[in-house]
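Taking numbering that gives the first Met the number 0 as reference, the numbering of the sequence shown is continuous, increasing by one, and the terminal residue is 294.
For glycine and all other residues, C-beta sits at the position ideal for the given N, C-alpha and C.
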Amino acid sequence: MAIASKSFQHLIYPVALDKGYMKEEGIDLKITYIEPTPSIQALMAGSVDFATAGTSALVVLARSNAPLKVPLAVNDRVLQWLLSRPNITSPRELKGKKIATTGIAAVATFMLKQILTKYGLDGNKDVVYLDPGLANQVTALISGVVDAAILGPDLRYIGLDNGMKELFYYGNEIKNSWGTLATTDRLIKEQPKTVAAFVKAALKALRFIRKDREGTVAATIKFSGIDRSQATRLYDDLINTFTANGTVDDETQRNDLAIIRQVAGVTTDIPNSRAYDFSFALDADKQLNQAGWKP
Numbered sequence: 000m001a002i003a004s005k006s007f008q009h010l011i012y013p014v015a016l017d018k019g020y021m022k023e024e025g026i027d028l029k030i031t032y033i034e035p036t037p038s039i040q041a042l043m044a045g046s047v048d049f050a051t052a053g054t055s056a057l058v059v060l061a062r063s064n065a066p067l068k069v070p071l072a073v074n075d076r077v078l079q080w081l082l083s084r085p086n087i088t089s090p091r092e093l094k095g096k097k098i099a100t101t102g103i104a105a106v107a108t109f110m111l112k113q114i115l116t117k118y119g120l121d122g123n124k125d126v127v128y129l130d131p132g133l134a135n136q137v138t139a140l141i142s143g144v145v146d147a148a149i150l151g152p153d154l155r156y157i158g159l160d161n162g163m164k165e166l167f168y169y170g171n172e173i174k175n176s177w178g179t180l181a182t183t184d185r186l187i188k189e190q191p192k193t194v195a196a197f198v199k200a201a202l203k204a205l206r207f208i209r210k211d212r213e214g215t216v217a218a219t220i221k222f223s224g225i226d227r228s229q230a231t232r233l234y235d236d237l238i239n240t241f242t243a244n245g246t247v248d249d250e251t252q253r254n255d256l257a258i259i260r261q262v263a264g265v266t267t268d269i270p271n272s273r274a275y276d277f278s279f280a281l282d283a284d285k286q287l288n289q290a291g292w293k294p
């Protein structure tokens with residue numbers, strides 16, 4: 000499988016490997032680190048069977064009707080925050096200001112435009128979006144190059160520890176998923192047992208993460224290379240964003256696809272069933288419950 004980054008939402012896969020859950024389900028998992036766009040290309044070429052870039056997969060699906068699916072959602076909240084310089088105290092004060100993004104066409108940028116509307120701003124006209132490059136958003140904010148920045152969990156802490164102000168957490172503003180897994184329609188059709196086994200092992204890891212704080216903190220340190228205090232902070236702040244059974248509801252799926260269509264620049268409606276197939280996760284959850292499985 001291809002993992003896009005060492006972000007907290009991707010932890011379930013190394014946990015599923017290290018705890019032996021993949022092996023228990025008959026999966027010989029090899030993890031490679033590939034950025035989102037190339038990972039979807041690798042997925043479609045058959046070089047990998049799964050990729051953590053579920054959002055990128057759905058953008059490709061929206062643009063070209065690519066045979067891709069999301070069979071698993073790790074988080075039911077968006078793990079992104081908007082931090083600002085200390086002198087900005089509310090989102091309304093962002094009018095005319097510069098915001099550092101993870102990419103002008105990134106999903107998080109389109110979500111921000113939607114959120115700003117709630118605060119009476121036109122997200123397309125009232126602010127200026129800049130892309131300072133990979134992981135440079137927080138540096139641009141602290142140095143004053145920009146007035147606000149969209150940050151993931153790790154960079155958020157750096158911003159807060161340097162006196163920046165948190166304007167809002169995306170997870171409180173919009174109902175969307177995060178940390179989605181992508182696979183191909185072909186694998187689902189030709190090797191459904193492989194997909195079922197992979198998803199079941201991932202759900203075991205999801206249950207482990209939700210239940211075992213100390214074990215997850217240790218796994219985070221190993222996976223991400225961060226120190227214990229930051230790993231503990233991450234866990235305590237974000238554990239409630241992890242889904243109970245690897246699925247999100249229909250409304251969340253519709254909201255996700257509405258954003259995906261904006262990013263892809265398409266107006267065609269995409270049915271939930273074209274983009275998501277949570278049947279494997281629901282079946283695996285049922286099996287684990289019936290077996291009384293606990294980590």
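Under the rule that a run must span 4 or more residues, the alpha helix (DSSP H) segments found entirely inside the segment 167-241 read 169-172, 184-189, 191-210, 212-223 and 227-237. Closest in alpha carbon position to residue 102, among 85, 87 and 130, is 130. Selection 265, 212, 188 and 258 evaluated against residue 276 yields 188 as nearest (Cα-Cα). Bounds of any alpha helix (DSSP H) do not take in residue 47, whose DSSP letter is neither H nor E. Under the 10 Å beta carbon count, residue 54 is surrounded by 16 or more other beta carbons and is classified as buried. Judged by pairs of C-beta atoms under 8 Å, the segment 61-78 touches the segment 158-172, as three or more such pairs exist. Taking a contact to require three or more Cβ pairs closer than 8 Å, the segment 156-163 and the segment 80-91 qualify as touching.
Here DSSP, grouped into helix, strand and coil, assigns residue 165 to strand. Boundaries of the beta strand (DSSP E) around residue 74: 67-74. Between residue 23 and residue 280, the beta carbon gap of about 17 Å keeps them out of contact (Cβ cut-off 8 Å). Between the segment 59-67 and the segment 146-156 there are fewer than three C-beta pairs closer than 8 Å, too few to call the two in contact. The count of Cβ pairs closer than 8 Å, one atom from the segment 25-32 and one from the segment 233-241, stays below three, leaving the stretches out of contact. Counting only the Cα atoms, residue 143 lies some 43 Å from residue 46. Counting along the chain, residue 280 sits inside the alpha helix (DSSP H) bounded by residues 278-289.
Sequence-distant Cβ neighbours of residue 97 in its own chain, meaning closer than 7 Å and more than five residues away, are 127, 129, 145 and 146.
Taking C-beta atoms as the reference points, residue 195 and residue 10 fail to come closer than 8 Å. Straight-line measurement puts the Cα of residue 91 at about 40 Å from the Cα of residue 206. The alpha-carbon separation between residue 249 and residue 271 amounts to approximately 7 Å. The beta strand (DSSP E) runs lying completely inside the segment 51-131 and spanning 3 residues or more are 67-74, 80-83, 97-99 and 127-129, given in chain order.
The C-beta distance from residue 159 to residue 70 rounds to 35 Å, too long to meet the 8 Å contact threshold. Each residue's CA atom was taken as its position, placing residue 286 and residue 16 some 20 Å apart. Here the alpha carbons of residue 184 and residue 122 stand approximately 35 Å from one another. Going by C-alpha positions, residue 19 is about 12 Å away from residue 197.
Sequence-distant Cβ neighbours of residue 8 in its own chain, meaning closer than 7 Å and more than five residues away, are 73, 74, 78, 177 and 178. Measuring C-alpha to C-alpha distances from residue 99 to each of 30, 141, 39 and 262 identifies 141 as the nearest. CA-to-CA, the gap between residue 186 and residue 124 works out to about 43 Å. The C-beta of residue 261 has 16 or more other C-beta atoms within 10 Å across all chains shown, which makes the residue buried.
It is roughly 18 Å from the alpha-carbon of residue 293 to the alpha-carbon of residue 13. Each of 1, 193, 37 and 112 was checked against the Cα of residue 31, and the nearest Cα belongs to 1.
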